[in-house]
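Participant: One structure follows; several queries about it will come next.
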Amino acid sequence: MERRIVHMDLDSFFVSVECLRDKSLLGKPVIIGGTSDRGVVASCSYEARQFGVHSAMPSRMAKQLCPHAIFVKGDMDTYSKYSADVTAIIREAAPVVEKASIDEHYLDVTGMDQYIKHSMLFTHELRERITKETGLPISYGLSINKTVSKIATNEAKPNGERQIDTGFEKPFLAPLSIRKIPGIGDKTYALLRNMGVEKVQTIQQMPIELMGRVLGESGQVLWKKANGIDNSPVEQYSEQKSMSTETTFDKDTTDINKLKDILIGMVDELAFDLRKARKLTACVTLKLRYSDFQTHTFQSRIPYTAADHVLLEKVLELFRKNYSRRVLIRLIGVKFTNLVSGNHQVDMFDDSEGKIRLYQAMDRIRLRYGDKSIVRAAFIKPPDNEEDDTQRSYK
Ligand SMILES: [Mg+2]
Numbered sequence: 004m005e006r007r008i009v010h011m012d013l014d015s016f017f018v019s020v021e022c023l024r025d026k027s028l029l030g031k032p033v034i035i036g037g038t039s040d041r042g043v044v045a046s047c048s049y050e051a052r053q054f055g056v057h058s059a060m061p062s063r064m065a066k067q068l069c070p071h072a073i074f075v076k077g078d079m080d081t082y083s084k085y086s087a088d089v090t091a092i093i094r095e096a097a098p099v100v101e102k103a104s105i106d107e108h109y110l111d112v113t114g115m116d117q118y119i120k121h122s123m124l125f126t127h128e129l130r131e132r133i134t135k136e137t138g139l140p141i142s143y144g145l146s147i148n149k150t151v152s153k154i155a156t157n158e159a160k161p162n163g164e165r166q167i168d169t170g171f172e173k174p175f176l177a178p179l180s181i182r183k184i185p186g187i188g189d190k191t192y193a194l195l196r197n198m199g200v201e202k203v204q205t206i207q208q209m210p211i212e213l214m215g216r217v218l219g220e221s222g223q224v225l226w227k228k229a230n231g232i233d234n235s236p237v238e239q240y241s242e243q244k245s246m247s248t249e250t251t252f253d254k255d256t257t258d259i260n261k262l263k264d265i266l267i268g269m270v271d272e273l274a275f276d277l278r279k280a281r282k283l284t285a286c287v288t289l290k291l292r293y294s295d296f297q298t299h300t301f302q303s304r305i306p307y308t309a310a311d312h313v314l315l316e317k318v319l320e321l322f323r324k325n326y327s328r329r330v331l332i333r334l335i336g337v338k339f340t341n342l343v344s345g346n347h348q349v350d351m352f353d354d355s356e357g358k359i360r361l362y363q364a365m366d367r368i369r370l371r372y373g374d375k376s377i378v379r380a381a382f383i384k385p386p387d388n389e390e391d392d393t394q395r396s397y398k
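Heads up, the sequence shown is in my numbering, so the first residue is 4 and it goes up one at a time.
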């Protein structure tokens with residue numbers, strides 16, 4: 004059966020939420036992000052985009068481009084709640100749903116109805132329902148696969164919908180800039196532009212082998228996307244995906260400082276893995292197993308983040324609240340769940356560009372020299388730990 008895949012994406016999500024809270028922002032150039040001179044743009048309204056402002060740009064530059072823009076400090080807590088509301092509405096309506104990021108979902112509606120116009124009608128009504136119930140504008144694209152639908156959404160924005168009929172994927176993509184292909188990075192874009200490749204059509208006309216020779220494996224993936232080929236499935240259980248690590252002690256312990264140090268090290272490593280995978284988490288779990296083999300887990304929902312200092316505070320808070328130091332501990336573990344794709348800096352409204360740069364620099368060193376090359380001053384693994392068994396896992 005022919006696949007019917009929907010991509011839904013909330014329009015300038017953070018800005019739309021702020022407009023719900025303050026109607027006077029509607030229709031104005033609004034920038035969400037660091038309000039200090041060293042801050043970074045996390046999101047901006049369409050009115051601000053017309054001045055060349057875009058996310059991840061230093062706020063200083065955004066101010067120069069659009070001096071009359073209204074700057075709003077972001078609030079990830081509220082955005083996470085709205086995001087959960089939208090996810091709940093979509094989950095209730097569609098059979099297979101993947102939450103791809105805080106404001107994006109993929110739906111597999113294959114076979115829901117015999118005719119394509121029915122899946123369009125279904126998605127149209129779902130879009131209206133989301134806007135009616137949450138007040139947030141949302142756009143979608145509908146086609147035979149994720150890549151084409153995502154590009155269709157971007158062409159439909161803002162507050163629009165676009166359907167690409169089966170067999171019309173290539174002509175739809177052909178006139179678009181290669182910039183519009185999801186996942187094309189600055190480097191690849193520059194390289195292809197230097198080769199004189201500007202429109203998707205040019206890639207469509209190149210042999211796949213040539214793209215492979217120029218860009219390796221990623222060139223072949225890019226060629227397939229440019230030709231509207233993408234067999235990747237909608238992954239229904241993405242929210243159950245997790246990253247976790249745990250340590251079983253060689254000798255049970257009540258040493259609170261040792262336990263805290265280990266937690267700090269675990270959060271550091273997992274948060275790094277999270278950023279490396281370009282993910283954010285919305286739930287942290289602490290696991291404790293006592294010497295009598297009783298195991299307890301303690302969970303806390305948090306706004307989407309990948310920042311060490313935010314995650315660490317939560318994990319240590321769970322530990323403080325739930326561990327009474329008289330009981331011997333046999334195993335300790337940390338798990339991040341409710342993972343979605345997302346750029347680390349979107350949750351760092353309060354933080355300076357300097358702090359974001361520090362994170363990026365630390366992560367670069369770790370990527371180059373290994374996980375253990377940078378550790379917090381508080382976390383220096385005691386030598387008596389060496390026989391403890393630590394296991395990290397991704398699911
Ligand atoms: Mg969006």
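Where a beta carbon is used, it is the ideal one built from N, C-alpha and C, also for glycine. Just so you know, these numbers come straight off a predicted model, no measurement behind them.
Quick one: Cα of S247 to Cα of G345, how far?
Facilitator: Looking up residue 247 in the sequence shown gives position 244. Looking up residue 345 in the sequence shown gives position 342. Their Cα atoms are separated by approximately 19 Å.
Participant: Closest to S104 by CA distance: which of Y307, S146, R369 and Y326 is it?
Facilitator: Indexing the sequence shown from 1 puts residue 104 at position 101. Checking every option, the nearest Cα to that of S104 belongs to Y307.
Participant: Measuring alpha carbon to alpha carbon, tell me which of G170, T81, H108 and R333 ends up nearest E238.
Facilitator: Within the sequence shown, residue 238 is the residue found at index 235, counting from 1. That would be H108, whose Cα lies nearest to the Cα of E238.
Participant: Using the rule of at least 16 other Cβ atoms within 10 Å of the residue's Cβ for burial, across every protein chain shown, is Q166 buried or exposed?
Facilitator: For this step, residue 166 is matched to residue 163 along the sequence shown. Answer is buried; the Cβ neighbour count reaches 16.
Participant: Quick check: the Cα distance between L334 and I265, rounded to an integer number of angstroms?
Facilitator: Locating residue 334 in the sequence shown gives position 331, where the first residue counts as 1. Locating residue 265 in the sequence shown gives position 262, where the first residue counts as 1. If you take the alpha carbons of L334 and I265, they lie about 11 Å apart.
Participant: Short check: CB of S62 to CB of G36, under 8 Å?
Facilitator: Position 59 of the sequence shown, counted from the first residue, corresponds to residue 62. Position 33 of the sequence shown, counted from the first residue, corresponds to residue 36. It is a contact, given that the beta carbons lie within the stated cut-off.
Participant: State buried or exposed for E249, treating a residue as buried only when at least 16 other CB atoms are found within 10 Å of its CB.
Facilitator: The residue given as residue 249 occupies position 246 in the sequence shown. Under this definition E249 is a buried residue.
Participant: Would you say D12 touches ligand 1, meaning its beta carbon is less than 7 Å from a heavy atom?
Facilitator: Looking up residue 12 in the sequence shown gives position 9. Yes.
Participant: For the stretch 37 to 86, list the alpha helix (DSSP H) runs that are entirely contained and at least 4 residues long, ordered along the chain.
Facilitator: Fully enclosed alpha helix (DSSP H) runs of 4 or longer: 49 to 52 and 62 to 68.
Participant: Can you name the residues that DSSP bridges to V224?
Facilitator: Position 221 of the sequence shown holds residue 224. None, per the DSSP bridge assignment.
Participant: From the DSSP secondary-structure annotation, give me the bridge partner or partners of F175.
Facilitator: Position 172 of the sequence shown holds residue 175. Note: F175 sits in no beta bridge, so no partner.
Participant: Determine the contact status of I147 and R52, defining contact as a CB-CB distance below 8 Å.
Facilitator: Locating residue 147 in the sequence shown gives position 144, counting from the first residue. Locating residue 52 in the sequence shown gives position 49, counting from the first residue. Not closer than 8 Å, so no.
Participant: Hey, D14 and P140: beta-carbon distance below 8 Å or not?
Facilitator: Position 11 of the sequence shown, counting from 1, holds the residue named residue 14. Position 137 of the sequence shown, counting from 1, holds the residue named residue 140. Yes. Within cutoff.
Participant: Relative to the alpha-carbon of G170, which residue among E131, G231, G163 and G138 has its alpha-carbon at the smallest distance?
Facilitator: Here residue 170 is taken as the residue at index 167 of the sequence shown, counted from 1. The candidate whose alpha carbon is nearest that of G170 is G231.
Participant: Over what stretch of residues does the alpha helix (DSSP H) that includes M269 continue unbroken?
Facilitator: As a first step, residue 269 is located in the sequence shown; it is residue number 266 there, counting from the start. Start and end: I259 to K279.
Participant: Of all the options Y362, R292, G30 and D12, which has the alpha carbon lying nearest to the alpha carbon of F275?
Facilitator: Your numbering for residue 275 matches position 272 in the sequence shown. Nearest of Y362, R292, G30 and D12 to F275, Cα basis: Y362.
Participant: Does the beta-carbon of D106, which I'm using as the reference point, lie nearer than 7 Å to any heavy atom of ligand 1?
Facilitator: Numbered from its first residue, the sequence shown carries residue 106 at position 103. Yes - ligand 1 has a heavy atom lying nearer than 7 Å to the Cβ of D106.
Participant: Can at least three beta-carbon pairs, one atom from the stretch 128 to 138 and one from the stretch 148 to 160, be found at a separation below 8 Å?
Facilitator: No: the two stretches stay apart, fewer than three of their Cβ pairs being nearer than 8 Å.
Participant: Under 8 Å, do L289 and F339 count as touching if we go by C-beta distance?
Facilitator: Translated into the one-based positions of the sequence shown, residue 289 becomes position 286. Translated into the one-based positions of the sequence shown, residue 339 becomes position 336. The answer is no: Cβ separation not under 8 Å.
Participant: Could you please give me the residues that DSSP links to G336 through a beta bridge?
Facilitator: Position 333 of the sequence shown, counted from the first residue, corresponds to residue 336. The partner list for G336 (beta bridge, DSSP) reads E249 and K290.
Participant: Helix, strand or coil for V100 per DSSP?
Facilitator: The sequence position of residue 100 within the sequence shown is 97, counting from 1. Residue state, collapsed to three classes: strand.
Participant: Can you have a look at E164 and say buried or exposed, based on whether 16 or more other CB atoms are within 10 angstroms of its CB?
Facilitator: Here residue 164 is taken as the residue at index 161 of the sequence shown, counted from 1. It counts as buried.
Participant: Measuring only from the beta carbon, is F2 closer than 7 Å to any heavy atom that is part of ligand 1?
Facilitator: Residue 2 lies beyond the residue range present for the chain, which begins at 4 and ends at 398; the question has no answer from this structure.
Participant: Could you tell me the distance, in whole angstroms, from the CA atom of F252 to the CA atom of R292?
Facilitator: Locating residue 252 in the sequence shown gives position 249, where the first residue counts as 1. Locating residue 292 in the sequence shown gives position 289, where the first residue counts as 1. When rounded, the distance between both Cα atoms is 10 Å.
Participant: Going by C-alpha distance, which of A97, K173, F17 and N197 is nearest M123?
Facilitator: As a position in the sequence shown, residue 123 is number 120, starting the count at 1. Of the listed residues, the one whose Cα sits closest to M123 is A97.
Participant: Could you tell me the alpha carbon to alpha carbon distance between A229 and Y82, rounded to whole angstroms?
Facilitator: For the purposes of this step, residue 229 is taken as residue 226 along the sequence shown, with counting starting at 1. For the purposes of this step, residue 82 is taken as residue 79 along the sequence shown, with counting starting at 1. The alpha-carbon atoms of A229 and Y82 are separated by roughly 33 Å.
Participant: In whole angstroms, what is the alpha-carbon distance linking E172 and L129?
Facilitator: As a first step, residue 172 must be located in the sequence shown, where it is residue number 169. As a first step, residue 129 must be located in the sequence shown, where it is residue number 126. E172 and L129: Cα-Cα distance of roughly 24 Å.
Participant: Give the DSSP-derived three-state secondary structure of D311 in the structure shown.
Facilitator: By 1-based counting over the sequence shown, the position of residue 311 is 308. Helix, per DSSP.
Participant: Between T113 and V9, is the Cβ-Cβ spacing less than 8 Å?
Facilitator: Here residue 113 corresponds to residue number 110 of the sequence shown, with the count starting at 1. Here residue 9 corresponds to residue number 6 of the sequence shown, with the count starting at 1. The answer is no: Cβ separation not under 8 Å.
Participant: What residue range is occupied by the uninterrupted beta strand (DSSP E) comprising L195?
Facilitator: The residue given as residue 195 occupies position 192 in the sequence shown. Run containing L195: none in the beta strand (DSSP E); it sits in the alpha helix (DSSP H), D189 to N197.
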